[in-house]
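Asks: If you're matching positions, the sequence shown starts at 19 in the working numbering and goes up one per residue. Don't be surprised by glycine CBs; every beta carbon is placed ideally from N, CA and C. Note that the structure is a prediction, hence the values are computed from the model and not measured.
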Amino acid sequence: QLEDTSKTAKAGGVFKWYNPSEPNHFDGIAQGQAQLNVFNGMAYSSLVHNKMGYKEPSSFTEVNPEMAESWEFSPDRTTLTFKLRPGVKWQNKAPVNGRAFDSSDVIANFKRYSSLPSNNRAANVNEFNADAPIVSVTAPDASTVVYNLKEPTSFILQRLANMITGELGTIQPREANEGTFN
Numbered sequence: 019q020l021e022d023t024s025k026t027a028k029a030g031g032v033f034k035w036y037n038p039s040e041p042n043h044f045d046g047i048a049q050g051q052a053q054l055n056v057f058n059g060m061a062y063s064s065l066v067h068n069k070m071g072y073k074e075p076s077s078f079t080e081v082n083p084e085m086a087e088s089w090e091f092s093p094d095r096t097t098l099t100f101k102l103r104p105g106v107k108w109q110n111k112a113p114v115n116g117r118a119f120d121s122s123d124v125i126a127n128f129k130r131y132s133s134l135p136s137n138n139r140a141a142n143v144n145e146f147n148a149d150a151p152i153v154s155v156t157a158p159d160a161s162t163v164v165y166n167l168k169e170p171t172s173f174i175l176q177r178l179a180n181m182i183t184g185e186l187g188t189i190q191p192r193e194a195n196e197g198t199f200n
């Protein structure tokens with residue numbers, strides 16, 4: 019029987035973790051590497067994240083909002099529209115200088131993800147695999163992102179929550195994808 023200690027939890031402290039091997043890089047969009055998978059979820063955010071388990075492990079079948087405030091599917095379930103969380107800003111350091119997170123960041127991430135043959139793009143991007151679910155990702159405005167799917171895809175939110183390197187989940191500022199980070 020697990021005991022619920024959440025009511026006595028206090029903010030702060032140190033989270034200790036070890037990894038048996040050093041990651042080759044900290045780029046969550048590039049080629050996947052097992053050494054970075056744990057750290058990826060600690061360092062980067064995503065549109066949605068897996069719902070935590072309560073008194074039991076997560077079932078990995080439900081997601082909660084993270085950088086997206088909400089989402090909805092079209093009636094035919096082939097269009098997934100995200101409304102981005104307002105007030106999210108990148109760190110106050112060059113080149114992002116505390117600017118607001120917006121749909122251009124999501125689009126830049128998807129374009130970069132689609133451009134790298136070394137990651138798992140063929141499992142997700144229809145342009146590279148006729149069976150892959152994502153036909154396109156567009157942004158009608160700064161606070162909206164639209165995923166157009168080949169067909170209804172029951173696991174698409176899980177793909178967007180996945181923090182395994184070389185997958186879709188990682189959201190970085192568009193400047194990282196433009197190569198302007200040092």
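#1: With DSSP run on the structure shown, which of helix, strand or coil describes T99?
#2: Out of A61, H67, L167 and A29, point me to the one whose CA is closest to P93's CA.
#3: If we count Cβ pairs, one from each stretch, closer than 8 Å, do we get three or more for the stretch 80-89 versus the stretch 54-71?
#4: Take F57 as the anchor and find which of S121, D123, N180 and K129 has the nearest alpha-carbon.
#5: Could you check whether S161 and P104 sit closer than 8 Å to each other, using their CB atoms as the reference points?
#6: Keeping to the same chain, check which residues put their C-beta closer than 6 Å to that of I47; ignore five residues upstream and five downstream.
#7: Distance check for N127 and P191, CA to CA, integer angstroms please.
#8: Considering Cα atoms alone, identify which of T23, V153 and D159 is closest to Y72.
#9: Based on DSSP bridge pairs, tell me the residues matched to R152.
#10: Going by DSSP, name the residue or residues bridged to N82.
#11: Excluding the 5 residues flanking R95 on each side, which residues of the same chain have their C-beta closer than 6 Å to its C-beta?
#12: For S154, I'd like the list of residues in its chain whose CB is within less than 6 Å of its CB, leaving aside the five on either flank, ordered along the chain.
#13: What does the alpha-carbon distance come out to for the pair S100 and A27?
#14: Checking the sheet assignment: what are the DSSP bridge partners for A118?
#15: Can you tell me the Cβ-Cβ gap for K111 and F119, rounded? I've got them flagged as a contact below 8 Å.
#16: Helix or strand or just coil, what does DSSP make of N200?
#17: Considering only their Cβ atoms, is the gap separating S122 from A150 smaller than 8 Å?
#18: Quick check: the Cα distance between P75 and L20, rounded to an integer number of angstroms?
#19: To the nearest angstrom, how far is the alpha carbon of G59 from that of F44?
Replies: Taking the coordinates as given:
#1: For this step, residue 99 is matched to residue 81 along the sequence shown. Correct three-state label for T99: strand.
#2: In the sequence shown, residue 93 corresponds to position 75, counting from 1. Checking every option, the nearest Cα to that of P93 belongs to L167.
#3: Output reads yes: the stretch 54-71 touches the stretch 80-89.
#4: One-based indexing of the sequence shown puts residue 57 at position 39. Checking every option, the nearest Cα to that of F57 belongs to N180.
#5: Within the sequence shown, residue 104 is the residue found at index 86, counting from 1. Within the sequence shown, residue 161 is the residue found at index 143, counting from 1. Cβ distance < 8 Å, so P104 and S161 count as in contact.
#6: Here the question's residue 47 lines up with position 29 in the sequence shown. Sequence-distant Cβ neighbours of I47 in its own chain, meaning closer than 6 Å and more than five residues away, are R130, Y131 and T188.
#7: Taking the first residue of the sequence shown as 1, we reach residue 191 at position 173. Taking the first residue of the sequence shown as 1, we reach residue 127 at position 109. Answer to the nearest angstrom: the Cα atoms are 8 Å apart.
#8: Counting from one through the sequence shown, the residue named residue 72 turns up at place 54. Of all alpha-carbon atoms in T23, V153 and D159, the one lying nearest the alpha-carbon of Y72 is that of T23.
#9: By one-based count along the sequence shown, residue 152 stands at place 134. The sequence given here places Ile at residue 152; Arg does not occur at that position. For I152, which the question treats as bridged, DSSP gives the partners V143 and L167.
#10: Working through the sequence shown from its first residue, we reach residue 82 at position 64. DSSP, once it has assigned bridges, lists H67 as partnering N82.
#11: Looking up residue 95 in the sequence shown gives position 77. Counting only Cβ-Cβ distances below 6 Å, and skipping sequence neighbours, we find P170.
#12: Sequence index remark: in the sequence shown, residue 154 carries index 136 (1-based). Here the set comprises N166.
#13: Counted from its first residue, the sequence shown places residue 100 at position 82. Counted from its first residue, the sequence shown places residue 27 at position 9. The amino acid at residue 100 is misidentified as Ser; the sequence shows Phe. The straight-line gap separating the alpha-carbon atoms of F100 and A27 is approximately 32 Å.
#14: One-based indexing of the sequence shown puts residue 118 at position 100. K107, per the DSSP bridge assignment.
#15: The count along the sequence shown starts at 1 and reaches residue 111 at position 93. The count along the sequence shown starts at 1 and reaches residue 119 at position 101. Not quite, the Cβ-Cβ distance comes to about 15 Å (not below 8 Å), so this is no contact.
#16: One-based indexing of the sequence shown puts residue 200 at position 182. Only weak support exists for where N200 lies, its pLDDT of 46 falling under 50; the value from the coordinates is given anyway. Correct three-state label for N200: coil.
#17: Position 132 of the sequence shown, counted from the start, is the residue given in the question as residue 150. Position 104 of the sequence shown, counted from the start, is the residue given in the question as residue 122. The answer is no: Cβ separation not under 8 Å.
#18: For the purposes of this step, residue 75 is taken as residue 57 along the sequence shown, with counting starting at 1. For the purposes of this step, residue 20 is taken as residue 2 along the sequence shown, with counting starting at 1. One C-alpha to the other measures close to 11 Å.
#19: Here residue 59 refers to the residue found at position 41 when the sequence shown is read from its first residue. Here residue 44 refers to the residue found at position 26 when the sequence shown is read from its first residue. Straight-line Cα distance between these residues: approximately 11 Å.
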